[in-house]
Each structure stands twice: as structure tokens, then as C-alpha cells.
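Novice: Quick one: the structure is below, and I'll ask about it shortly.
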Amino acid sequence: MRVEQQSLLLLHLAVLLFGGTALFSKLIDLGALDITVYRTAIAGCTLLALRLIQRKTIKLDSRRDYFVAIMLGVVVGLHWVTYFAGMQLAGVTIGIIAFFTYPVMTVFLEPLFAKTRPQLKDILIAVVVLFGIYLLVPEANLGNDVTLGILTGIVSGAFFALRNILQKKYFSAYSGPHTMLYQTFVAALMLCAFVEVPPQALTEPSVYLLLLAGVVFTALPHAMFAQSLRHLSATTAGLISCLQPLYGTVLAFMLLSERPTLTTLVGGLLVISAAFYETWSISKKARGKK
């Protein structure tokens, strides 16, 4: 029991750090693409060092897996760029809520791979999410930064849902840190040609914040998340992950003085409740197949 409690604490800490990642979109004085490149490069180096220290293998099992790793890295790179861009445009609270439409999008994307149809309950949940997003949107105008940020956050969620589906289908044999090692390096290499601020032009505060984002808020939580799954079920991990918007909102309030409006809280509650329900529903279905 004590091991499970420690694993649960480790999982909550990992989700808290994941939620804190969004803060760097505001704390670091760089564009979303630059933040993504430097963060992924630093995280990749950290994960590589961690695996070397632990004397764990770095190679993949087959040539096919390298192609899959590249594909996943491209998708996750696009996810992170749009993730930070959404936060910069709409703010951390609204941006992270928009991103958390991904569990519902997963329900609609998975049937494309399994050749099945979404159920009626999933469509109803999607309507709830759309209403929650409607409450967040200030006006139907892409010239409005918040509206554009919400749309960008939703696109980020779509990329994240696609990454998760592809990883589950083609790359599930590898651990979280091993998987992220390749994805972070591929994402950094894919986007590095578009960096606006070269390494030598980075300010000292930006360097420290990027190191913090890459090591403590990216590499470390992925390692902690993978470690917690050794003693906790995937269902528990998935449901606790739904607390990420709550942690992100609280941190944004404490450190960035972002104060969500009542409408934002109601819309966010609808979106996160739908995410929680879909995560629980998917986990229940998976248990039923065993």
C-alpha cells in the first residue's frame, strides 16, 4: 500500500509539472516555435543522459520503428508549437482548457483507425465540449487573439490525440522516456531551421527558463509518469491527468495573476468534465476487453 501511495504522489507531481509547462509560454520572451525547439532539444539531451546513466538501451527494435519514431516526432513537434502559441494568444487558463478537448477528439479519431463508428454518447459529449468552448470564445472573429488562441489550442489537442493513437497502435512496446527521447529530438531537428533567435542571442534569463522547462517540466515528469505506471493502473493515470488544467490554472493565478472569469470557469468545467468522462469510459472499455 505504501508503494502505491508513493506512486500516486509521484503521478500527481508529474501532472502538476505538466500543468506548469504552460506557464513558460508567458515567462519566456520567445516565440512558440523557438520555445519548442530549445525545450525539446534540452529534454532530449536530458532523457538521453538518463538512459545512459541507467544503462538502458537507446536503440529501437527494428528499422520500421525508426520510421514510426520520426512520424511521432513530427506530430508531437506540431502539437507543442501550437500548444505554446495557443497559450501566448489566449492565456494559460483558456489555452489549456482548449487543448484538453483532446480526449473527446480521440474518441472520434480512433474509429478512423479501427474502422468503427462513434457511439451516440460520444456525440452528446462532443456537443457538451462544443458548448464549453462556445462559452470561452469572446467573439467569432479570428482577428481576436483569444478566439485564435482557442482555435490553436484545439488544433494542438488534435495533434496530441493523433500522437497518442499512433503511439498506442505502433509504438506501445517502448517506455515513456524511451519514446520521448526520440520524439523530442525529431521535433527539435524538424523545427530548428525556423528558429528566429539563435542560441548565442538568448538572454541569460531565457536560458535558465528554457533549462527549467526542458529538464524539470519535460524530461522529469515523463520519467516520473512512467515510473508511477509500474504500480498504478492506466485508468488511474488517465483520470489524474485530467487534473492538469486545474493545476495549470492555479499556477497561472499564483505566478501570472491570471484571473479566470465565471464564464471561463463554467466553460472549462464542461470541457474538463467531458475529458474526465471520456478518459474513464475508454479505460473501462479497455478493461472489459481483457
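Quick note on numbering: the working numbering labels position 141 of the sequence shown as 218, and the sequence is numbered without any gaps.
Don't be surprised by glycine CBs; every beta carbon is placed ideally from N, CA and C.
#1: Using a threshold of 9 Å, state whether the C-beta atoms of Phe144 and Leu286 are closer than that.
#2: Sort Leu85, Glu81 and Arg79 by Cα distance to Leu316 and report the nearest one.
#3: Skipping 5 residues on each side, what residues in its chain have a beta carbon closer than 6 Å to that of Val223?
#4: Using a Cβ-Cβ distance cut-off of 9 Å, determine whether Ser233 contacts chain B.
#5: For Ile174, name the three-state secondary structure that DSSP assigns.
#6: I'd like to know whether the C-beta atoms of Thr113 and Val152 end up nearer to each other than 9 Å.
#7: Out of Val80, Val205, Ala120 and Thr229, which has the shortest C-alpha to C-alpha gap to Leu297?
#8: Going straight from the alpha carbon of Ser249 to that of Asp138, what length do you get?
#9: Buried or exposed, going by whether 16 or more other CB atoms sit within 10 Å of the CB of Phe95?
#10: What alpha helix (DSSP H) runs, 4 residues minimum, are completely inside the region 266-321?
#11: Does DSSP put Leu347 in a helix, in a strand, or in coil?
#12: Taking contact to mean at least 3 C-beta pairs separated by less than 8 Å, is the region 169-189 in contact with the region 233-250?
#13: Output the distance between the C-alpha atoms of Cys122 and Lys198, rounded to the nearest integer angstrom.
#14: If Ile105 sits next to Ser334, beta carbons under 8 Å apart, how far is it from one beta carbon to the other, in whole angstroms?
#15: What residue from Ile174, Val181 and Leu328 has the CA that sits closest to Leu212's CA?
#16: Alpha carbon to alpha carbon, what distance is there between Pro275 and Ser305?
Specialist: So, from the data block:
#1: The residue you call residue 144 lines up with position 67 of the sequence shown. The residue you call residue 286 lines up with position 209 of the sequence shown. Not closer than 9 Å, so no.
#2: Residue 316 sits at position 239 when you count from the first residue of the sequence shown. Checking every option, the nearest Cα to that of Leu316 belongs to Leu85.
#3: The residue you call residue 223 lines up with position 146 of the sequence shown. Here the set comprises Ala167 and Pro215.
#4: Given the protein chain composition of this structure (a single chain), no chain B is represented.
#5: Within the sequence shown, numbered from 1, the residue matching residue 174 stands at position 97. Three-state result, Ile174: helix.
#6: Here residue 113 is taken as the residue at index 36 of the sequence shown, counted from 1. Here residue 152 is taken as the residue at index 75 of the sequence shown, counted from 1. Not a contact, by the Cβ cut-off of 9 Å.
#7: One-based indexing of the sequence shown puts residue 297 at position 220. When only C-alpha atoms are compared, the closest one is Ala120.
#8: By 1-based counting over the sequence shown, the position of residue 249 is 172. By 1-based counting over the sequence shown, the position of residue 138 is 61. Each residue's Cα considered, the two are about 12 Å apart.
#9: Taking the first residue of the sequence shown as position 1, residue 95 is located at position 18. So Phe95 counts as buried.
#10: With a minimum length of 4 residues, the unbroken runs of alpha helix (DSSP H) contained wholly in the region 266-321 fall at 281-288, 297-305 and 311-318.
#11: Here the question's residue 347 lines up with position 270 in the sequence shown. Helix.
#12: Result yes; three or more Cβ-Cβ pairs closer than 8 Å.
#13: For this step, residue 122 is matched to residue 45 along the sequence shown. For this step, residue 198 is matched to residue 121 along the sequence shown. In a straight line, the C-alpha of Cys122 is about 43 Å away from that of Lys198.
#14: On the sequence shown, residue 105 is found 28 positions in, with the first residue counted as 1. On the sequence shown, residue 334 is found 257 positions in, with the first residue counted as 1. Actually they are not in contact, since the Cβ atoms of Ile105 and Ser334 sit about 17 Å apart, beyond 8 Å.
#15: Locating residue 212 in the sequence shown gives position 135, where the first residue counts as 1. Nearest in C-alpha terms to Leu212, of all of Ile174, Val181 and Leu328, is Ile174.
#16: Numbered from 1 along the sequence shown, position 228 holds the residue referred to as residue 305. Numbered from 1 along the sequence shown, position 198 holds the residue referred to as residue 275. Each residue's alpha carbon lies about 37 Å from the other.
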